[in-house]
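Undergrad: Below are the structure tokens for one structure; questions will follow.
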Amino acid sequence: SPFARLPIVREGLHETLLRSIKEHAKRQQGRAAFINVTHSGATLTFEDVHKQSLSVAGFLQSIGFAPGDVAAATLPNSNEWPVYCIGVWACGGIVTLASSAFTSYELEKQLINSSASIVFTNDVNLEKTLFAVKNSPKVKTVIVLRTSDDAPLPSDVIEWTAVIAAPPIKTIVKVDPDTTAILPYSSGTTGAPKGVMMSHRAFNTMIKQMME
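Numbering (UniProt numbering), first residue to last: 1 to 212.
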């Protein structure tokens, strides 16, 4: 093979990502990391991503989210969900991503099966998310990203702006690279969708392969 051997990955996905993001932020100050073309001015720099990811982790840790706990996300592609994912991993959690096109019934099934304790959504999908949460006893916290300032939010949800304003986690959690990082669900072609446990090592190896 013309490609060099990859070193064995011995760290969590978040450790690799946060270190690389921090290096980019130092080398290219003010450089955009994510640009949301559907919203004018919706840009995150590498520094923003690093800082906000640690704040997400700090917030989650402050409400009792512990290593091995599962955090769900159900919203369209946005600048915020990668920040959310890195934050979840930085405090030792597992991410399960659910399609924003899901019905409340489909979302409820995934929340229950994955044992998610937190859900991240946006105001557009909030109504069906709250309906799904009613029958998902392990979900304790709903985080909402506003796409408009017009719609009022229920008092028992937490706005994304409050999450990324939280004090950053002091020390990111070290994880066994063979533990689960992401819990996507299969399409359910021949039966009910099933969670697929994908490890930190697997994703980290793919990242390093692309870097090479």
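Ideal Cβ placement from N, Cα and C applies to all residues, glycine included.
(1) Going by beta-carbon coordinates alone, are Val-163 and Gly-92 separated by less than 9 Å?
(2) Tell me whether Thr-38 is buried or exposed, calling it buried when 16 or more other Cβ atoms sit within 10 Å of its Cβ.
(3) Shortest alpha-carbon distance to Gly-64 belongs to which of Ala-32, Ile-118 and Lys-51?
(4) The alpha helix (DSSP H) spanning Phe-131 covers which residue range?
(5) Work out the CA separation of Gln-28 and Val-124 for me, nearest whole Å.
(6) To test your reading of the DSSP string, which unbroken alpha helix (DSSP H) runs of 4 or more residues are found completely within the stretch 12-42?
(7) Taking Gln-52 as the reference, give the member of Gly-188, Pro-76 and Lys-22 with the closest Cα.
(8) Whole angstroms are fine: how far does the CA of Val-9 sit from the CA of Tyr-84?
(9) Which partner residues does Phe-120 have in the DSSP bridge list?
(10) With distances taken Cα to Cα, identify the nearest neighbour of Pro-152 among Ser-199, His-14 and Leu-126.
(11) How big is the Cα-Cα spacing for Phe-46 and Pro-184?
(12) Leaving aside the five residues before and after Leu-97 along the sequence, list all residues of the same chain whose C-beta is less than 7 Å from its C-beta, in chain order.
(13) Can you tell me the Cβ-Cβ gap for Phe-59 and Ala-166, rounded? I've got them flagged as a contact below 8 Å.
(14) With which residues is Tyr-84 paired in a DSSP beta bridge?
(15) Return the Cβ separation of Asn-204 and Pro-177 in integer angstroms, given the expectation that the two are a contact with Cβ distance under 8 Å.
(16) What does DSSP give as the partner residue(s) for Thr-45 in the beta ladder?
(17) Taking Cβ positions, are Val-56 and Ile-86 nearer each other than 9 Å?
(18) So, with DSSP's three-state summary, where would you put Ala-90?
(19) Let me confirm a value: Ala-101 is counted as buried when at least 16 other C-beta atoms fall within 10 Å, else exposed. Which label applies?
(20) Between which two residues does the alpha helix (DSSP H) holding Thr-190 run?
TA: Looking at the atomic coordinates:
(1) Position 163 of the sequence shown, counted from the start, is the residue given in the question as residue 163. Position 92 of the sequence shown, counted from the start, is the residue given in the question as residue 92. It is not a contact, given that the beta carbons lie outside the stated cut-off.
(2) Numbered from its first residue, the sequence shown carries residue 38 at position 38. By the 10 Å Cβ count, Thr-38 comes out exposed.
(3) Taking the sequence shown and counting its residues from 1, one reaches residue 64 at position 64. The shortest Cα separation from Gly-64 among Ala-32, Ile-118 and Lys-51 belongs to Ile-118.
(4) Indexing the sequence shown from 1 puts residue 131 at position 131. 126-134 is the extent of the alpha helix (DSSP H) around Phe-131.
(5) Along the sequence shown, one-based indexing puts residue 124 at 124. Along the sequence shown, one-based indexing puts residue 28 at 28. Approximately 35 Å between the Cα atoms of the pair.
(6) 13-27
(7) If you number the sequence shown from 1, residue 52 lands on position 52. Nearest of Gly-188, Pro-76 and Lys-22 to Gln-52, Cα basis: Lys-22.
(8) For the purposes of this step, residue 84 is taken as the residue at position 84 of the sequence shown. For the purposes of this step, residue 9 is taken as the residue at position 9 of the sequence shown. Approximately 23 Å between the Cα atoms of the pair.
(9) By one-based count along the sequence shown, residue 120 stands at place 120. DSSP lists Ala-73 and Ile-143 as partners of Phe-120.
(10) Taking the sequence shown and counting its residues from 1, the one referred to as residue 152 is at position 152. Of the candidates Ser-199, His-14 and Leu-126, the one whose C-alpha sits nearest the C-alpha of Pro-152 is Leu-126.
(11) For the purposes of this step, residue 46 is taken as the residue at position 46 of the sequence shown. For the purposes of this step, residue 184 is taken as the residue at position 184 of the sequence shown. About 26 Å.
(12) Looking up residue 97 in the sequence shown gives position 97. Here the set comprises Ala-73 and Pro-184.
(13) One-based indexing of the sequence shown puts residue 59 at position 59. One-based indexing of the sequence shown puts residue 166 at position 166. The pair is a contact, with the Cβ atoms about 4 Å apart (cut-off 8 Å).
(14) Counted from its first residue, the sequence shown places residue 84 at position 84. BP columns for Tyr-84 are empty, so no partner.
(15) On the sequence shown, residue 204 is found 204 positions in, with the first residue counted as 1. On the sequence shown, residue 177 is found 177 positions in, with the first residue counted as 1. Indeed they touch by this definition, with Cβ atoms about 7 Å apart.
(16) Here residue 45 corresponds to residue number 45 of the sequence shown, with the count starting at 1. Answer is Ala-32, bridged to Thr-45.
(17) Against the sequence shown, residue 56 aligns to sequence position 56. Against the sequence shown, residue 86 aligns to sequence position 86. Yes, Cβ-Cβ distance for Val-56 and Ile-86 is below 9 Å.
(18) Taking the sequence shown and counting its residues from 1, the one referred to as residue 90 is at position 90. Reduced to three states, the DSSP call for Ala-90 is helix.
(19) Residue 101 sits at position 101 when you count from the first residue of the sequence shown. Per the 10 Å Cβ criterion, exposed.
(20) Taking the sequence shown and counting its residues from 1, one reaches residue 190 at position 190. Run containing Thr-190: none; DSSP gives neither H nor E here.
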